[in-house]
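Enquirer: Input: one structure, supplied below.
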Amino acid sequence: MRNRLILSALTAVFLSVPPVAKAEVGNNPETLALAGILDNDTFDRAGLSIGHRAQYWMPVFDTLLYTAPDGKTMPNLATEWHFNGDGTELTLKLREGVKFTDGTPFNAEAVKANLEYLRDGVGQNTWMAGAVQNVEIVGPAELKLHLKEPDPGMLFNLATVGGAMASPATLGKADSKMLPIGSGPYIYDTARSVTGRQYVYKRNPDYWNAGAFPFETMTITPINDLSARMNALKSGQVDAAAGEGQVVPEAEASKLTVSRLPVDWLGLFLSDRDGKMVKALSDVRVRRALNMAFDEKAILKFVARGYGEVTDQPFVPPSEAFDPSLDGTYHYDPKAARALLAEAGYPNGFSVTMPDIGTLAAYTPIITQQLKDIGVTVNWVKVPPNVTIAELLSGKYPMFLFRLGSQSPWADFNKFAFANSPWNTSKAKDEKLEALLKTAQYTPPGKEQNAAMQAANRYMVENAFFAPWFRIDSIYISNAEVKVQMQAQNIVPWPRNYAPAK
277 MRNRLILSAL
287 TAVFLSVPPV
297 AKAEVGNNPE
307 TLALAGILDN
317 DTFDRAGLSI
327 GHRAQYWMPV
337 FDTLLYTAPD
347 GKTMPNLATE
357 WHFNGDGTEL
367 TLKLREGVKF
377 TDGTPFNAEA
387 VKANLEYLRD
397 GVGQNTWMAG
407 AVQNVEIVGP
417 AELKLHLKEP
427 DPGMLFNLAT
437 VGGAMASPAT
447 LGKADSKMLP
457 IGSGPYIYDT
467 ARSVTGRQYV
477 YKRNPDYWNA
487 GAFPFETMTI
497 TPINDLSARM
507 NALKSGQVDA
517 AAGEGQVVPE
527 AEASKLTVSR
537 LPVDWLGLFL
547 SDRDGKMVKA
557 LSDVRVRRAL
567 NMAFDEKAIL
577 KFVARGYGEV
587 TDQPFVPPSE
597 AFDPSLDGTY
607 HYDPKAARAL
617 LAEAGYPNGF
627 SVTMPDIGTL
637 AAYTPIITQQ
647 LKDIGVTVNW
657 VKVPPNVTIA
667 ELLSGKYPMF
677 LFRLGSQSPW
687 ADFNKFAFAN
697 SPWNTSKAKD
707 EKLEALLKTA
717 QYTPPGKEQN
727 AAMQAANRYM
737 VENAFFAPWF
747 RIDSIYISNA
757 EVKVQMQAQN
767 IVPWPRNYAP
777 AK
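Anchor point for the sequence shown: position 240 equals 516 in our numbering, and the numbering is continuous, going up by one each time.
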């Protein structure tokens, strides 16, 4: 019966096949045409994000460092870097002769302006510059970041949103949300782009590393629906797009290339741990019961088609915070879950409001039924695709299902472990956890720091901050025209990971 429910839920999602989104700029051998799951939400420097939306801004905004496909940190706009002994100062030497496409020079002043704008902004990744106390200009091509305290994730930050460089002349300007000006390999083509339909990028003729970006033009077409993305791939409208396990057989039958890499984990965020909206969630017994409510193995097999591995922790290998001994902490056991709820004072269960997210619609009826089996009633609120992230981060929902990427361990802790972390959406504070994190932060890199990070991870698992289901393989599908390298620690490849197949 349970497996029939899961199969029925999956079938319902794919009965309707929407038409392929219409592209304004056609595909050709000199164009890299991508489909995006999410639409772009902003080009404002302080509002940038990684994950799916990184592909929208990375063509325009070059980064100080970059992460290679295997996750290794490499020089980019910053050619050299080193920390002082206690990790509170980071010196950067910059590439010389670079200009933004509006003619503004790239130099230490430009880096200072970008870091301060991000740090003082309100986007979900402002924490990537949050440790920066002040920026000391040593010379036109050298600067020193004075940190409030050690930041074990600073190099990763500077290779992603933390290091994205926009022209200082655009920072804080109203039109920068729609008109990005950077020094990257491409220039955003406003004349041919249509917001919400297709984003077009033309080659920057003055880019210093043009050979790393072999396409003359790049386009991104937002196609939220999986069936429509598959149609776009099969028709040649796009060269590459994110997929899901359930379409792998179709992709392979259509002679498309399927790439896989475990990057994300999927599960419930039990955000209201202070019980401000749902008192029950403040009791760790209730949160542990929720971890025992779901048949993750069946969900993985029938919905995700087995592309993943059941887990109980919010970190993905090769993260140094990952601890294999934590997997198996909880097991599917509705009877034991009901007993825990009764012990916590909820013998008749409770009700909770959750957001119904289009990209995760296959899981909605499963959550409804399996929570009902332990006495929990879910009231669903439909969330439009273009505001999914904003809605989740708003703090409206006491718990929600989401698929979150795992990056460097310190980046992950900053995303969800601190009281002010963006994915700690209810801003629940846990002093014991923050003490464990402080220990990890001030421990020099190496085995001891890794052990300290794993201790913080263990605390979150044992206290049921989340109800993870499984590490899910990122499925990426491409045609015969392009070669693609998957990107460690991101759900989709960086723009520089594509090349013509011939």
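Backbone N, C-alpha and C define an ideal beta-carbon position, used for all residues, glycine too.
Quick check on the burial criterion: 16 or more other C-beta atoms within 10 angstroms. Buried or exposed for serine 547?
Expert: The residue is buried, with at least 16 neighbouring Cβ atoms inside 10 Å.
Enquirer: In chain order, which continuous runs of the alpha helix (DSSP H) of length 4 or greater are located wholly inside the segment 380-425?
Expert: Counting only runs of 4 or more, we get 384-395.
Enquirer: Please return the same chain residues whose Cβ sits closer than 6 Å to the Cβ of phenylalanine 359, not counting the five positions on each side in sequence.
Expert: Counting only Cβ-Cβ distances below 6 Å, and skipping sequence neighbours, we find Leu366.
Enquirer: Taking one C-beta from the segment 740-760 and one from the segment 512-524 each time, how about it: are there three or more such pairs within less than 8 Å?
Expert: With a cut-off of 8 Å, the segment 512-524 and the segment 740-760 count as touching, because enough Cβ pairs lie within range.
Enquirer: Run through DSSP, which three-state label would serine 627 get?
Expert: Three-state DSSP puts serine 627 in a strand.
Enquirer: Please list, in chain order, all residues of the same chain as leucine 286 whose beta carbon is under 8 Å from its beta carbon, the five residues on each side excluded.
Expert: With a pLDDT of 48 at leucine 286, under the threshold of 50, the modelled position of that residue is not reliable, and no figure is offered here.
Enquirer: Could you give the residue range of the beta strand (DSSP E) that holds phenylalanine 742?
Expert: From DSSP, the beta strand (DSSP E) with phenylalanine 742 extends over 742-754.
Enquirer: Comparing C-alpha positions only, which one of Thr719, Arg561, Ala574 sits nearest to tyrosine 583?
Expert: Minimum Cα distance to tyrosine 583 is reached at Ala574.
Enquirer: Please confirm whether alanine 565 and leucine 616 have their CB atoms less than 8 Å apart.
Expert: Yes, the Cβ-Cβ distance between alanine 565 and leucine 616 is below 8 Å.
Enquirer: Hey, how far is the Cα of glycine 781 from the Cα of proline 456?
Expert: Lying before the first or after the last residue shown, residue 781 is absent from the chain, which here runs from 277 to 778.
Enquirer: For the ligand ATP, I want to know if alanine 727 counts as a neighbour, meaning its beta carbon is within less than 7 Å of at least one of the ligand's heavy atoms.
Expert: This structure does not include the ligand ATP; it has no bound ligands of any sort.
Enquirer: What is the residue span of the alpha helix (DSSP H) that tyrosine 735 lies within?
Expert: It spans 723-738 - the alpha helix (DSSP H) in which tyrosine 735 sits, taken as one unbroken run.
Enquirer: Is the segment 395-404 touching the segment 426-438, taking contact as three or more C-beta pairs under 8 Å?
Expert: Yes, the segment 395-404 touches the segment 426-438.
Enquirer: Counting only runs that start and end within the segment 643-703, where is the beta strand (DSSP E) found for 3 or more residues in a row?
Expert: 652-659, 676-681, all fully within the segment 643-703.
Enquirer: Could you please give the first and the last residue of the uninterrupted alpha helix (DSSP H) stretch that includes serine 511?
Expert: Note, serine 511: alpha helix (DSSP H), 502-511.
Enquirer: Look at the Cβ atom of leucine 368, then the Cβ atom of glutamate 425, and state whether they are nearer than 8 Å.
Expert: It is not a contact, given that the beta carbons lie outside the stated cut-off.
Enquirer: From histidine 607 to alanine 743, what does the alpha carbon distance come to, in whole angstroms?
Expert: Histidine 607 and alanine 743: Cα-Cα distance of roughly 11 Å.
Enquirer: Nearest-angstrom Cα distance between threonine 349 and aspartate 501?
Expert: In a straight line, the C-alpha of threonine 349 is about 34 Å away from that of aspartate 501.
Enquirer: In terms of DSSP beta bridges, what is glutamate 356 paired with?
Expert: Note: glutamate 356 sits in a beta bridge opposite Lys369.
Enquirer: Specify the secondary structure class of lysine 573 as computed by DSSP and reduced to three states.
Expert: Looking at lysine 573 - three-state DSSP - the assignment turns out to be helix.
Enquirer: Assuming contact is defined by CB atoms lying nearer than 8 Å, are alanine 445 and threonine 380 in contact in what I supplied?
Expert: Contact: yes.
Enquirer: Return the bridge partner residues of aspartate 780 from the DSSP annotation.
Expert: A question about residue 780 goes unanswered here, because the residues of the chain that appear run from 277 up to 778.
Enquirer: Mapping the DSSP letters down to three states, classify arginine 257 as helix, strand or coil.
Expert: Outside the shown range of the chain, which is 277 to 778, sits residue 257, and nothing can be said about it.
Enquirer: Under the three-state reduction of DSSP, which class applies to alanine 516: helix, strand or coil?
Expert: In this structure, alanine 516 counts as strand in the three-state DSSP scheme.
Enquirer: Leaving out five residues before and five after glycine 519 in sequence, what residues of the same chain have Cβ atoms less than 8 Å from its Cβ?
Expert: Answer for glycine 519: Leu502, Arg505, Met506, Ala527, Val534, Ile751, Tyr752, Ile753, listed in chain order.
Enquirer: Closer than 7 Å by C-beta to leucine 542: which residues in its own chain qualify, once you throw out the five before and the five after it? Chain order, please.
Expert: Arg679, Trp745, Phe746, Ile748, listed in sequence order.
Enquirer: I'd like to check one pair, glutamine 589 with aspartate 801: are the Cβ atoms closer than 8 Å?
Expert: This structure cannot settle anything about residue 801, because the visible part of the chain is limited to 277 through 778.
Enquirer: Let me confirm a value: proline 698 is counted as buried when at least 16 other C-beta atoms fall within 10 Å, else exposed. Which label applies?
Expert: Buried, by the Cβ-count rule.
Enquirer: Use the C-beta contact count for isoleucine 633: other C-beta atoms within 10 angstroms, 16 or more gives buried, fewer gives exposed.
Expert: Its Cβ being crowded by 16 or more others within 10 Å, isoleucine 633 is buried.
Enquirer: Would you mind reading off the limits of the alpha helix (DSSP H) that contains proline 351?
Expert: Run containing proline 351: none in the alpha helix (DSSP H); it sits in the beta strand (DSSP E), 349-351.
Enquirer: What would DSSP say about arginine 561, mapped onto helix, strand or coil?
Expert: If DSSP states are grouped into helix, strand and coil, arginine 561 belongs with the helices.
Enquirer: Do phenylalanine 591 and aspartate 688 have their C-beta atoms closer together than 8 Å?
Expert: Yes. Within cutoff.
Enquirer: Which residue wins for smallest C-alpha separation from proline 345, given the options Asp396, Pro771, Asn726?
Expert: It is Pro771 whose Cα lies nearest to the Cα of proline 345.
Enquirer: Quick one: give me the first and last residue of the beta strand (DSSP E) that tyrosine 342 is part of.
Expert: Note, tyrosine 342: beta strand (DSSP E), 341-343.
Enquirer: Bridge partners for alanine 442 per DSSP, in chain order?
Expert: The partner list for alanine 442 (beta bridge, DSSP) reads Gly458.
Enquirer: If you follow the alpha helix (DSSP H) that methionine 430 is part of, which residue opens it and which one closes it?
Expert: That run of the alpha helix (DSSP H) goes 430-434.
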